[in-house]
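S.K.: Sending over a structure as structure tokens; questions will come in a sec.
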Amino acid sequence: MKLLVNAKIFPSTKSQSILINKNKIIFIGDKTKINISLNSSDIIDCNNNTVLPGFIDGHCHPFEIVSNISSIDLSGYQFNSQNELKNYLCNINTKDKKILKFHGFEHRNINGNLDLSFFDNLNLNIPLIIKHRTGHLVFLNTLALKHSKLDINKYEFPMDSLEIHKKLKSEENLDFEKNLINYNQNLIKFGYTTIVDAGVGNDKKKYNKYQDLIYSKQISPNVCYMLGQKKSDQFKNSTINDNLYLGPTKFMFQENMDIQEIESSLKDFLSINKNDIAFHAISSEMIFKILHTLFEKLNKYLGKRIIRLEHATEFIPDSYKQYNSKNLHLIFNPNFIYDHGDFYLNHQDDFAVESLFGIKDSLRNNFKVGFGTDSPFGSINPMKIISSAKNRTTKNNNLIGENNKINFEQIIHAFTKGNATAIKKQNLIGSIDTNKNADIIILNDEITNKTDVDLLRVNHTIINGESKYIREIS
16 MKLLVNAKIF PSTKSQSILI NKNKIIFIGD KTKINISLNS SDIIDCNNNT VLPGFIDGHC
76 HPFEIVSNIS SIDLSGYQFN SQNELKNYLC NINTKDKKIL KFHGFEHRNI NGNLDLSFFD
136 NLNLNIPLII KHRTGHLVFL NTLALKHSKL DINKYEFPMD SLEIHKKLKS EENLDFEKNL
196 INYNQNLIKF GYTTIVDAGV GNDKKKYNKY QDLIYSKQIS PNVCYMLGQK KSDQFKNSTI
256 NDNLYLGPTK FMFQENMDIQ EIESSLKDFL SINKNDIAFH AISSEMIFKI LHTLFEKLNK
316 YLGKRIIRLE HATEFIPDSY KQYNSKNLHL IFNPNFIYDH GDFYLNHQDD FAVESLFGIK
376 DSLRNNFKVG FGTDSPFGSI NPMKIISSAK NRTTKNNNLI GENNKINFEQ IIHAFTKGNA
436 TAIKKQNLIG SIDTNKNADI IILNDEITNK TDVDLLRVNH TIINGESKYI REIS
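Our numbering puts the first residue of the sequence shown at 16, with every later residue one more than the last.
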């Protein structure tokens, strides 16, 4: 057993005790009502700091994160010309490197064609892989193509990462085991007790890999695994448990896809498959195509299944309030305001900036809301999620969508119970209640309206009743 004392379970300011038996919370209340003798090592003093349900990352790409750990991050660089990019790449030290890998690259400020010949003419004499900021495009040189046995004639350039990701797998994961240790340590340090792998190409082979990693305790949080749109048939006889379970089927339609094509594709799926569904949904045009098709054309096929809009970047709540009684869940990435907000401001022809991530407007219209980091394309740090949703400021301290600021209680609800509900696990996780799983984090302070989010840290992470992380305090 484990006993937490002097715990202020958010949003309450009252100190209570929480008794854990194995992986369940069995009592919450006054310590004097607990008639059990415990060793001092089984008692955790929360020091009247805020205690929260474990954070749930409602949308992330764990294996991409692991892959990127050993690559160079370009998200802090703005290249304004081909010469700037050329000079940067040619001055990289390639000694002792088998392959030159980058992520976080943005190309839209560069005039000119970044084609295969551009990268070949750099004469780097090493395979080069550059992942775009969004993760959806990859730039390569010929050496990387040959090394990965890719035929350039089969692909447009830059390449769609979904098409070639598996072919680059061995190059991307040269340091997989070492990088996984670092990634898992970050997860528990930041207080994540459940993560949702939202890959549109997720298949059974990757799922089996998760089974091995969880069984060998190389991944500490529980994992909800979305099914790739074209891979769902592989999972008909899959075994699941409380640590690894199947989520919705993930769809990603091309922006220029005709609405009739979308209807046909979804009708074929919905008529034979009862699984929940999730959609890559960024632009207002795609959001309209998806929601109009589902609720106006195919509503009779939906039943009680959950429908998730992943990102919901340009979702306009007032335009869809007639659907707020549907089983529709919006999974926002508020950390993008901080991570990519300045990019949005510099490209206002492409983005309706003031309407991005309309979280408060969505809550006001009674929509169900959850949060995901979309890491590695957004910061994995949960405090960036909290700060961005609360303050709506970018890296350069610009303000985006001030009217959509929300408060701590709304943020924590979305980050925990909102995300749990969006994967149908609200009866097990997402809140601190008796008979719920003991997924709990203890902060280093009490959350009040005056709390500086940048100073908040996770002191202790408990997953399924086990202490997985304890912060060293000097």
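A virtual CB, placed ideally from N, CA and C, is assigned to each residue, including glycine.
Below 8 Å, how does it come out for the region 68-86 and the region 202-215: are there three or more Cβ pairs, yes or no?
M.R.: With a cut-off of 8 Å, the region 202-215 and the region 68-86 count as touching, because enough Cβ pairs lie within range.
S.K.: Rounded to the nearest angstrom, what separates Ser-82 and Asp-190 at their Cα positions?
M.R.: Taking the straight line joining both Cα atoms gives about 8 Å.
S.K.: State the start and end residues of the unbroken beta strand (DSSP E) segment that holds Val-81.
M.R.: Here Val-81 belongs to no beta strand (DSSP E); instead the alpha helix (DSSP H) covers 77-83.
S.K.: Which of the three DSSP states is assigned to Lys-48 in this structure?
M.R.: Helix, per DSSP.
S.K.: Buried or exposed for Gly-433, please, with buried defined as at least 16 other CB atoms from any protein chain shown within 10 angstroms of its CB.
M.R.: Classification of Gly-433: buried, given that the 10 Å Cβ count is 16 or more.
S.K.: Determine the closest residue to Glu-270 out of Gly-127, Ser-299, Pro-263, Ile-114, with distance taken between C-alpha atoms.
M.R.: Ranking the options by Cα distance to Glu-270, first place goes to Ser-299.
S.K.: What is the DSSP secondary structure of Met-272, counted as helix, strand or coil?
M.R.: In the structure shown, Met-272 sits in coil (DSSP, three-state: anything other than H, G, I, E or B).
S.K.: Within 10 angstroms of the Cβ of Thr-436, are there 16 or more other Cβ atoms? Answer buried if so, exposed if not.
M.R.: The residue is buried, with at least 16 neighbouring Cβ atoms inside 10 Å.
S.K.: So, at 6 Å on beta carbons, what are the nonlocal neighbours of Lys-116 in its own chain, with the 5 sequence-adjacent residues on each side left out?
M.R.: The answer, listed in chain order, is Ser-86, Ile-144.
S.K.: If you drop the 5 nearest sequence neighbours on each side, which residues of the same chain put their C-beta closer than 7 Å to that of Asn-350?
M.R.: Correct list, in chain order: Thr-388, Gly-393, Ser-394, Lys-399, Ile-400, Ser-403.
S.K.: Measure the Cβ-Cβ separation of Ile-346 and Lys-304 and say whether it is below 9 Å.
M.R.: The answer is no: Cβ separation not under 9 Å.
S.K.: I need the boundaries of the beta strand (DSSP E) containing Cys-105, first residue and last residue.
M.R.: That residue, Cys-105, is in no beta strand (DSSP E); its alpha helix (DSSP H) goes 97-105.
S.K.: Would you kindly work out how many angstroms separate the C-alpha atoms of Pro-391 and Asn-256, rounded to a whole number?
M.R.: Going from the Cα of Pro-391 to the Cα of Asn-256 covers about 26 Å.
S.K.: Can Pro-142 and Leu-158 be called in contact, C-beta distance under 9 Å?
M.R.: Yes, the pair counts as a contact, with Cβ atoms nearer than the cut-off.
S.K.: Leaving out the 5 sequence neighbours to the left and right, which residues in its chain are closer than 7 Å to Gly-493 when beta-carbon positions are compared?
M.R.: Not covered by the structure: residue 493. The range shown for the chain is 16 to 489.
S.K.: What span of residues does the alpha helix (DSSP H) with Lys-220 cover, start to end?
M.R.: Taken as a continuous stretch (DSSP letters only), the alpha helix (DSSP H) holding Lys-220 covers 219-230.
S.K.: For a test of the three-state rule: what should DSSP assign to Leu-414, helix, strand or coil?
M.R.: Strand, per DSSP.
S.K.: On the three-state DSSP scale, how would you describe Pro-332?
M.R.: Correct three-state label for Pro-332: helix.
S.K.: Is it true that the CB of Leu-378 sits closer than 9 Å to the CB of Glu-329?
M.R.: It is not a contact, given that the beta carbons lie outside the stated cut-off.
S.K.: Report the residue from Lys-315, Phe-423, Tyr-484 whose alpha carbon sits nearest the alpha carbon of Asp-467.
M.R.: Taking only the C-alpha atoms, the option nearest Asp-467 is Phe-423.
S.K.: Given Asn-237, which residues of its chain have a CB within under 6 Å of its CB, disregarding the five upstream and five downstream residues?
M.R.: Taken in chain order, the residues that qualify are Thr-209, Asn-258.
S.K.: Could you work out which residue in Phe-310, His-307, Asn-314, His-344 is closest to Ile-322 when comparing CA atoms only?
M.R.: Here the closest residue by C-alpha is His-344.
S.K.: As a quick exercise: from Cys-61, Gly-356, His-475, Ile-447, pick the residue whose alpha carbon is nearest that of Asn-201.
M.R.: For the residues Cys-61, Gly-356, His-475, Ile-447, the minimum Cα distance to Asn-201 belongs to His-475.
S.K.: Contact defined as beta carbons within less than 8 Å: I believe Tyr-222 pairs with Tyr-240. What is the distance between those atoms, to the nearest angstrom?
M.R.: That pair is a contact at about 6 Å.
S.K.: Tell me which residue opens and which closes the alpha helix (DSSP H) that Ser-132 is part of.
M.R.: It spans 131-135 - the alpha helix (DSSP H) in which Ser-132 sits, taken as one unbroken run.
S.K.: What do you get for Ser-163, buried or exposed, if any count of 16 or more other CB atoms within 10 angstroms of its CB means buried?
M.R.: It counts as buried.
S.K.: Going by C-alpha distance, which of Asn-64, Asn-63, Gly-69, Asn-21 is nearest Lys-46?
M.R.: When each option's Cα is compared against that of Lys-46, the closest is Asn-21.
S.K.: For Ile-447, which residues in the same chain have their Cβ closer than 6 Å to its Cβ, ignoring the five residues on either side in sequence?
M.R.: So the qualifying residues of the chain are Ile-24, Pro-68.
S.K.: Verify whether the separation of the beta carbon atoms of Asn-396 and Arg-407 is less than 9 Å.
M.R.: No. Outside cutoff.
S.K.: Give the secondary structure of Gln-337 by DSSP, where H, G and I count as helix, E and B as strand, and everything else as coil.
M.R.: Of the three classes helix, strand and coil, the one that applies to Gln-337 here is helix, per DSSP.
S.K.: Does the structure place the region 452-460 close enough to the region 471-487 that three or more beta carbon pairs sit under 8 Å?
M.R.: Result yes; three or more Cβ-Cβ pairs closer than 8 Å.
S.K.: Quick check on the DSSP output: the alpha helix (DSSP H) that includes Lys-375 runs from which residue to which?
M.R.: Taken as a continuous stretch (DSSP letters only), the alpha helix (DSSP H) holding Lys-375 covers 374-379.
S.K.: Are the CB atoms of Pro-332 and Asn-290 within a distance shorter than 9 Å?
M.R.: It is not a contact, given that the beta carbons lie outside the stated cut-off.
S.K.: For the candidate residues Ile-287, Ser-32, Ile-84, whose alpha-carbon lies nearest to that of Thr-65?
M.R.: Minimum Cα distance to Thr-65 is reached at Ser-32.
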